[in-house]
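K.L.:
The structure's right below; bear with me while I get my questions together.
Residue numbers (the numbering used here), protein chains in the order written: chain X, 20 to 365; chain B, 20 to 365.
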């Protein structure tokens with residue numbers, strides 16, 4: 020069957036990474052069906068995707084905790100693959116509301132896996148996170164490094180679902196599963212029409228920096244400048260969201276080869292410090308970003324970055340955008356949408 | 020409120036440990052409501068409990084995957100505590116059917132916790148297992164030893180649910196939760212009217228030994244006689260099921276004191292080898308038990324036994340039955356019920 024005929028279900032397809040991936044899927048010739056419960060996404064994002072692609076997407080507002088709705092969807096469409104983005108993802112909220120996270124993320128995944136098995140659709144890309152590595156014993160982090168020791172329920176949901184997928188694929192070799200462990204996605208689509216739209220104060224650095232740049236917040240808090248890194252601030256592996264989205268296209272090609280269970284880091288393989296990120300964003304936006312040094316946050320690691328050789332070798336994937344594009348594209352989105360999607364009437 | 024008025028929901032109350040605990044709860048003056056989906060239990064066991072106690076128990080056939088049924092039950096009764104036994108528990112089956120185990124055990128637990136929270140019943144005893152310790156780094160095993168590294172989905176379900184309970188109790192101090200980590204329960208009620216009734220060939224040593232003793236099977240397989248133990252065979256901490264059941268009564272007393280999250284090993288604190296167990300059973304049944312040495316099974320550990328000091332100190336609980344009673348009581352049950360509960364018309 021030609022790739023152009025393949026139908027891909029994208030769960031959480033109206034979210035940040037999901038929406039960027041939908042565009043890349045469309046461009047690559049896949050037919051895309053999107054579901055989202057819109058609990059943390061704005062339907063305006065779907066309008067934007069459709070404007071960018073000049074395409075109308077099949078969209079269903081489905082809560083994945085409702086297994087019957089999921090099952091009906093699989094009766095309606097003959098999916099070839101599923102990319103499962105849908106999940107609650109705020110680390111801090113997960114600590115405050117663990118049951119909400121365990122319930123939503125784990126039951127959604129179990130419902131999906133069961134419905135997929137029932138319908139013979141055993142081809143899945145699962146959105147995981149570098150957080151499953153817990154405190155890495157060495158850098159860069161490879162896919163063979165041990166996982167676990169996550170300190171927050173969000174991270175544990177990703178870890179537990181990975182463990183379930185390991186066990187399922189071990190005994191049922193008719194499954195093809197690619198687990199993608201994301202490092203720190205930033206930036207947005209070149210058009211500036213879609214991007215990351217956090218509810219409330221952003222928990223991640225770059226959306227916060229962008230909100231300071233646009234005047235919504237007075238300054239950036241830099242949590243700790245006494246880490247054992249070049250400039251004392253925390254180092255992370257930031258990756259352009261369009262690069263990340265491209266990784267999913269490569270993962271689908273892998274699934275088409277009946278790959279069993281595979282795990283890949285999606286990062287650039289190089290770390291940048293908080294201060295380097297702020298400086299890069301200053302160059303993109305053309306003015307200074309005020310910041311203040313604040314105490315370290317409990318649980319934050321000094322330095323995290325990926326070994327990306329496996330994805331390069333087996334997926335034939337590599338990030339192509341650098342720090343400059345990450346910051347420019349984020350700034351473009353932020354300037355055009357200072358209030359995110361909620362700045363427009365729905 | 021006096022103890023005699025407290026209503027306890029027992030999930031999986033028709034199972035092996037559940038049924039023995041129901042009797043101890045009744046004797047201790049609790050009002051008991053039993054649910055069970057009877058997927059791995061025989062309703063004849065309920066008849067037997069009622070004969071032993073000369074009491075009629077409220078019983079509801081509820082599948083805990085059906086959250087609405089659970090919620091209805093909490094509307095019907097004003098529970099003070101819940102003891103959550105209900106779970107699939109066959110290690111080997113869990114490896115073959117991981118999704119079944121993850122779905123049943125984890126969703127049931129999440130549904131229960133959510134319904135309990137919704138109804139303000141935040142007092143739980145959770146049946147866990149020594150299996151959560153994975154490969155112990157030292158013996159005896161204390162509750163402070165690290166958990167994880169479980170190699171089968173059954174063990175992982177216990178471990179993951181424990182992790183969820185840790186996170187929930189960390190932020191919501193109105194919960195009282197006692198996690199009981201069982202070592203190897205054996206034996207049966209003195210009456211011989213209830214006992215362990217495995218479906219198919221028993222996966223655990225002692226029910227297998229008893230079936231050999233009663234002539235249902237030709238010999239016991241002893242998996243490995245080259246372990247670094249006294250006689251080369253594996254050593255486990257066997258505990259009489261009535262002692263184990265008593266531990267739950269003590270756990271309820273702890274819950275009445277608003278204890279936050281507590282974890283206790285339930286074992287005797289002493290290990291016996293496979294050959295010692297066979298010899299002890301020979302003395303109970305009065306004849307030789309044929310056995311054959313077979314290869315080690317992957318994943319089996321040489322030696323596992325509990326440190327029970329914490330339960331002794333904080334629960335005021337200690338096992339009182341020895342090897343002799345374990346074997347005699349098991350033999351009594353096996354002789355009276357060579358076909359288990361299925362030997363009688365329902």
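In this text, a Cβ means the ideal position worked out from N, Cα and C, and glycines have one as well.
#1: Roughly how many angstroms separate the alpha carbons of residue 234 (chain X) and residue 300 (chain X), rounded to a whole number?
#2: Assign residue 92 (chain B) to buried or exposed, taking buried as 16 or more other Cβ atoms, counted over all protein chains shown, within 10 Å of its Cβ.
#3: Roughly how many angstroms separate the alpha carbons of residue 38 (chain X) and residue 68 (chain X), rounded to a whole number?
#4: Answer yes if the segment 56 to 70 of chain B comes into contact with the segment 331 to 346 of chain X, meaning at least three C-beta pairs across the two stretches below 8 Å, and no otherwise.
#5: Have a look at residue 228 (chain X) and residue 236 (chain X) and give me their C-alpha separation to the nearest angstrom.
#6: Would you tell me roughly how many angstroms separate the C-alpha atoms of residue 225 (chain X) and residue 31 (chain B), rounded to the nearest one?
#7: Can you give the beta carbon distance from residue 242 (chain X) to residue 319 (chain X), rounded, assuming they're within the 8 Å contact cut?
#8: Tell me which residues share the same chain as residue 14 (chain X) and place their Cβ nearer than 6 Å to its Cβ, disregarding the 5 neighbours each side in the sequence.
#9: At a CB-CB cut-off below 8 Å, which residues of chain X make contact with residue 115 (chain B)?
#10: Since residue 182 (chain B) and residue 198 (chain B) should fall inside the 8 Å C-beta cutoff, what is the C-beta to C-beta distance between them, to a whole number of angstroms?
#11: So, do the segment 319 to 328 of chain X and the segment 165 to 182 of chain X have three or more beta carbon pairs nearer to each other than 8 Å?
#12: Comparing C-alpha positions only, which one of X:221, X:158, X:40, X:216 sits nearest to residue 111 (chain X)?
#13: Quick one, are the C-beta atoms of residue 257 (chain X) and residue 287 (chain X) less than 9 Å apart?
#14: Would DSSP call residue 248 (chain B) helix, strand or coil?
#15: Can you tell me whether residue 275 (chain B) is helix, strand or coil according to DSSP?
#16: Any beta carbon of chain X sitting closer than 9 Å to that of residue 30 (chain B)?
#17: What do you reckon, are the CB atoms on residue 194 (chain X) and residue 276 (chain X) nearer than 9 Å?
#18: Assign residue 305 (chain X) to buried or exposed, taking buried as 16 or more other Cβ atoms, counted over all protein chains shown, within 10 Å of its Cβ.
#19: Can you tell me whether DSSP reads residue 358 (chain B) as helix, strand or coil?
#20: Quick one: residues in its chain with C-beta nearer than 8 Å to the C-beta of residue 169 (chain B), no 5 flanking neighbours on either side, listed in chain order?
#21: Could you give the first and the last residue of the continuous beta strand (DSSP E) run that contains residue 331 (chain B)?
#22: Specify whether the segment 206 to 222 of chain X and the segment 289 to 297 of chain X touch according to this definition: at least 3 beta carbon pairs, one from each stretch, less than 8 Å apart.
#23: Less than 9 Å between CB atoms is the rule here; does residue 250 (chain B) satisfy it with respect to chain X?
#24: For residue 49 (chain B), report the span of its alpha helix (DSSP H) as first-last.
#25: Who are the near neighbours of residue 311 (chain B) in its chain, counting only those whose CB is closer than 8 Å to its CB and skipping five residues on each side?
#26: How would you write the range of the beta strand (DSSP E) that residue 77 (chain X) sits in, first residue to last?
#27: When every heavy atom of the ligand SAM is checked, does at least one fall within less than 8 Å of the C-beta of residue 184 (chain B)?
#28: Would you mind working out which of X:135, X:119, X:29, X:270 sits nearest residue 187 (chain X), comparing C-alpha positions?
#29: For the alpha helix (DSSP H) holding residue 310 (chain X), just list the boundary residues, first then last.
#30: Look up residue 43 (chain X) in the DSSP assignment and say whether it is helix, strand or coil.
#31: Please report whether the beta-carbon of residue 167 (chain X) lies at a distance below 9 Å from any beta-carbon of chain B.
#32: Counting C-beta neighbours from all protein chains within 10 Å, is the total for residue 372 (chain B) 16 or more, i.e. buried, or is it exposed?
#33: In angstroms, rounded to a whole number, what distance separates the CA positions of residue 22 (chain X) and residue 148 (chain B)?
#34: Just to make sure I have the definition right: I need the residues of chain B whose C-beta is within less than 8 Å of the C-beta of residue 177 (chain X). Which are they?
#35: Helix, strand or coil for residue 366 (chain X)? Go by DSSP, reduced to three states.
#36: Assign residue 339 (chain X) to one of three DSSP states: helix, strand, or coil.
P.N.:
This is what the structure gives:
#1: The straight-line gap from Cα to Cα measures roughly 14 Å.
#2: Result: buried.
#3: C-alpha separation (whole angstroms): 7 Å.
#4: With contact defined as three or more Cβ pairs closer than 8 Å, the segment 331 to 346 of chain X and the segment 56 to 70 of chain B are not in contact.
#5: Take the alpha-carbon of residue 228 (chain X) and the one of residue 236 (chain X): they are about 9 Å apart.
#6: The straight-line gap from Cα to Cα measures roughly 50 Å.
#7: Separation of the CB atoms of residue 242 (chain X) and residue 319 (chain X) is rounded to 6 Å, and the pair is thereby assigned contact status at 8 Å.
#8: What is shown of chain X runs 20 to 365, which leaves residue 14 (chain X) out entirely.
#9: Going along chain X in sequence order, the residues near residue 115 (chain B) (Cβ under 8 Å) are 190.
#10: For residue 182 (chain B) against residue 198 (chain B), the beta-carbon gap comes to about 11 Å, at or over 8 Å, which does not count as contact.
#11: At 8 Å Cβ cutoff, the stretches do not touch.
#12: Considering only alpha carbons, the answer is X:221.
#13: Their beta carbons are under 9 Å apart, which means residue 257 (chain X) touches residue 287 (chain X) by this criterion.
#14: Coil at residue 248 (chain B), not helix or strand.
#15: The three-state reading of DSSP puts residue 275 (chain B) in helix, counting H, G and I together.
#16: No - not a single Cβ of chain X is within 9 Å of the one on residue 30 (chain B).
#17: No, these two residues do not count as a Cβ contact at 9 Å.
#18: Exposed.
#19: Reduced to three states, the DSSP call for residue 358 (chain B) is coil.
#20: The residues are 150, 151, 153, 175, 177, 178.
#21: Element bounds for residue 331 (chain B): n/a, residue is neither H nor E.
#22: No: fewer than three Cβ pairs fall under 8 Å.
#23: No, because no Cβ of chain X sits closer than 9 Å to the Cβ of residue 250 (chain B).
#24: If you look at residue 49 (chain B), you'll find it isn't in any alpha helix (DSSP H); DSSP assigns it neither H nor E.
#25: Taking residue 311 (chain B) as the centre and dropping the five residues before and after it, the same chain places the C-beta of 238, 239, 240, 241 closer than 8 Å to its C-beta, in chain order.
#26: Run containing residue 77 (chain X): 77 to 80, per the beta strand (DSSP E) assignment.
#27: Looking for the ligand SAM in the displayed structure turns up nothing, as the structure carries no ligands at all.
#28: Among X:135, X:119, X:29, X:270, the Cα nearest to that of residue 187 (chain X) is on X:135.
#29: Note, residue 310 (chain X): premise wrong, no alpha helix (DSSP H); beta strand (DSSP E) at 310 to 313.
#30: Residue state for residue 43 (chain X) is assigned as helix, using DSSP reduced to three classes.
#31: For residue 167 (chain X), the nearest CB of chain B lies under 9 Å from its own CB, placing it at the interface with that chain.
#32: Nothing about residue 372 (chain B) can be reported from this structure: the residues present for chain B run from 20 to 365 only.
#33: Because the pLDDT at residue 22 (chain X) is just 47, under 50, the model does not fix this residue reliably, and the value given afterwards should be weighed accordingly. Residue 22 (chain X) and residue 148 (chain B) have their alpha carbons spaced roughly 48 Å apart.
#34: Residues of chain B with a Cβ closer than 8 Å to the Cβ of residue 177 (chain X) do not exist; the shortest Cβ-Cβ separation is about 13 Å.
#35: The question about residue 366 (chain X) has no answer, for chain X in this structure spans 20 to 365.
#36: In the three-state reduction of the DSSP assignment, residue 339 (chain X) falls in the coil class, being assigned neither a helical nor a strand state.
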